[in-house]
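Residue numbers (our numbering), protein chains in the order written: chain A, 625 to 875; chain B, 625 to 875.
Glycine residues also receive a C-beta, built at the ideal position from the N, C-alpha and C atoms.
Only one structure is covered here, and it is reproduced in the block below.
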DNA sequence: TCTTCAGATTGATTCACATCAAGGTGAATG
DNA sequence: CATTCACCTTGATGTGAATCAATCTGAAGA
């Protein structure tokens, strides 16, 4: 069992429930989140525009496609998925967002959210009103730069996914996702080899352009090859190099 | 033959060869390009930071993956493709860029270009040094806003492509691309129904996650169904509604 | 004019993943 | 404690696009 791995984040959720005084300055994630590039007095100003409300429950929406765009959001704890609904009613998952990551930037272009975002588990969110962020950006070159970089990063991530969908096999896609989640855990000082997947097999398949059955078979195959240990949503990477080889991306 | 359709742009290329005094103020594309949101005296300031050099020849690179990031670029005439090279040497086309469109924004995130860009035909380019653009953006809220929107738009476009690759059949993908090109032509006041594809079948297939053979077969099928007339790179959309149905996106 | 060569088309065959179908598992609920 | 239901797994079969293999086309160059 890897319950203990989640402990630090669960604690964070509780802390936030009891203590609405959380701020960017003392946030455990400030080295990977928006404040990353700022001096402490600038952080204070950023902090002043950020709104923290009570946590989202599992399956609650943060925003819906075509909602008015007002804010971008930082994940403080929990995980969200972003998805678009196609005209024939099907769903396309466009991304998963972990603590320290920013979502909602696709809404800037049309002043309306281009996708929906819902919590995969209880999630605490920092809301950053966009007009305030714009004004602050004009005053703080580092913030402006950092936000440009965040958006650019989202573009490169999407391009990675495009390549994955267009060129890679089912095995490679799943391996790449596991490596991505592992890396994002490491960034937050959590285990890179043991973690709990916050999303269902359906979501994984949807995100990777595969069916549930295929995802399930890939996991079984990886387990047989002793690259991964899979126990429902608990994942242990047994052979990181093997997984990288399987992903067939970076050597 | 649809040679006359290209005439306005060919003329633009010649004008630019002979006349390096082109500027944003008198540019035919200023209503769809970066100056879009600006007053005329602001346009002048933007114009001052823009560098125009001699046109790129077919197959010349504008920048290469991992080149130092210095500038973003606006296409004044011609077409470019952006592509990434995967670690095993294969190529993934991530976008096509037509006149009035901005490319290079994926380089902001790491101060290095995340993809390469090469000209599919002779192309005139406006280079916009990014540090200058940043400074100007801090002074002109409209410019900052517009540039945020441009990046956000790139994100939503990439998400469209992700959905296309993940959910749609070969027929649907090709139909969607034809509609996209048609729409972008219309935006530039060119014919929405007759145009010349600037890219090869290989590039189309690569972009859409299909092989050349499949692309070719789809074109043949569309021709048989009298939705499209295809003569090598010359395309005529005979039945726009039929094409939309085929794309199976917006009703 | 003939040659060459890259790009495009068309047909035959194969294969990876989707689809269809049938259980299995475990957390939530009465 | 039994029931339900969402989620996951595994197996059998089908299929759309990839692959393999020719051939065609037209522009560029000798």
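Helix, strand or coil for residue 875 of chain B, going by three-state DSSP, please let me know. No answer about residue 875 of chain B holds up, because its pLDDT of 39 lies below 50 and its placement is not dependable.
Residue 873 of chain B touches chain A at which residues, Cβ-Cβ below 8 Å? 710 and 711
So, do the region 774-784 of chain A and the region 726-735 of chain B have three or more beta carbon pairs nearer to each other than 8 Å? yes
Compare the C-beta of residue 693 of chain B against all C-beta atoms of chain A and say whether one is closer than 7 Å. no
Taking the C-alpha atoms as reference points, what is the distance between residue 786 of chain A and residue 718 of chain B? 8 Å
Less than 7 Å between CB atoms is the rule here; does residue 767 of chain B satisfy it with respect to chain A? no
Where does residue 851 of chain A fall in DSSP's three states? coil
Can you give the Cα-Cα distance for residue 793 of chain B and residue 834 of chain B, rounded to whole angstroms? 10 Å
Can you give me the start and stop residues for the beta strand (DSSP E) that residue 719 of chain B sits inside? 715-721
Under 8 Å Cβ-Cβ, which residues of chain A neighbour residue 732 of chain B? 772, 773, 775 and 776
Which of the three DSSP states is assigned to residue 659 of chain A in this structure? helix
Are the CB atoms of residue 873 of chain B and residue 711 of chain A within a distance shorter than 7 Å? yes
At least one CB of chain B closer than 7 Å to the CB of residue 838 of chain A: is that the case? no
Taking 7 Å as the threshold (C-beta atoms), are residue 750 of chain A and residue 698 of chain A in contact? yes
Go through its chain and collect everything with a Cβ distance to residue 716 of chain A's Cβ below 7 Å, but skip five positions before and after it. 707, 708, 710 and 830
If the cut is a Cβ gap below 8 Å, which residues of chain B does residue 718 of chain A touch? 783, 786 and 787
Expressed to the nearest angstrom, what Euclidean distance is found between the alpha-carbon atoms of residue 848 of chain A and residue 839 of chain A? 14 Å
First through last residue of the beta strand (DSSP E) which encompasses residue 704 of chain A: 704-709
Proximity winner among B:845, B:762 and B:861, relative to residue 803 of chain B (alpha-carbon distances): B:861
Please classify residue 768 of chain A as buried or exposed, where buried requires at least 16 other C-beta atoms within 10 Å of its C-beta. buried
With 7 Å as the threshold, decide whether the Cβ of residue 779 of chain B is near any Cβ in chain A. yes
Using the beta-carbon count (16 or more within 10 Å), is residue 683 of chain B buried or exposed? exposed
For residue 689 of chain B and residue 724 of chain A, what's the separation of their Cα atoms in angstroms? 28 Å
Residue 823 of chain B and residue 744 of chain B look like a contact to me (Cβ under 8 Å); what is the Cβ gap, rounded to whole Å? 5 Å
What are the start and end residues of the beta strand (DSSP E) that includes residue 818 of chain A? 818-820
Let me know the secondary structure DSSP gives residue 646 of chain B once reduced to three states. coil
How many Å lie between residue 666 of chain A and residue 841 of chain A at the Cα? 50 Å
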